[in-house]
Amino acid sequence: MSNQIESDAIIDDALRTYPPAPMPATLAPGVMARIETLATQPRFRLTAVDYALGVIGASVIGFVMLVWQMIAPEISTRAFDQLAPVMLDPRAGMWVMLIAGGIGVTASALALGAFALDALFRAPEIINQKSKI
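Going by this note's numbering, the sequence shown opens with residue 1202, and the numbers climb by one from there.
Next comes the structure, spelled out in structure tokens:
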């Protein structure tokens, strides 16, 4: 076993003192070119589906706001008078809670989607700022 350790020590010493091989002349420019060039980032582009969804979303929001402005106060109180017995009925409470929960989940998903789209639209700006540094 000691012969193996001694031979390993001799080989290790020889490898440590052996002068390194010269680097090929064609290696350095290729390596430096790869290090210095930044990878091109894909450009963000809106597709036709993005525009269609934007138009539909804006139209729905505008329509809801228009209808909200057109409802007279008397109509909203009549609607509440008709819906109050249903909402106060203990048997219908489950359905009201399910509908309210669905509306809450939908609103949360829309808010999360808005934040995600905002980050997505800002991504090219952030990438361009980092590449200039």
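C-beta: ideal position from N, C-alpha, C; glycine also.
Beta-carbon proximity of residue i to residue j, cut-off 8 Å
i, j, result
"Val1287", "Ala1293", "yes"
Cβ neighbours of residue i in the same chain (closer than 8 Å, five flanking residues each side left out)
i, result
"Trp1269", "none"
"Ala1310", "none"
Minimum C-alpha distance to residue i - residue among the options
i, options, result
"Phe1322", "Ala1285, Pro1274, Leu1247 and Gly1303", "Leu1247"
Same chain, Cβ closer than 6 Å to residue i, five either side skipped, listed in chain order
i, result
"Arg1235", "none"
"Ala1222", "none"
Sequence-distant residues of its chain with Cβ nearer than 7 Å to residue i (five each side left out)
i, result
"Val1261", "none"
"Thr1278", "none"
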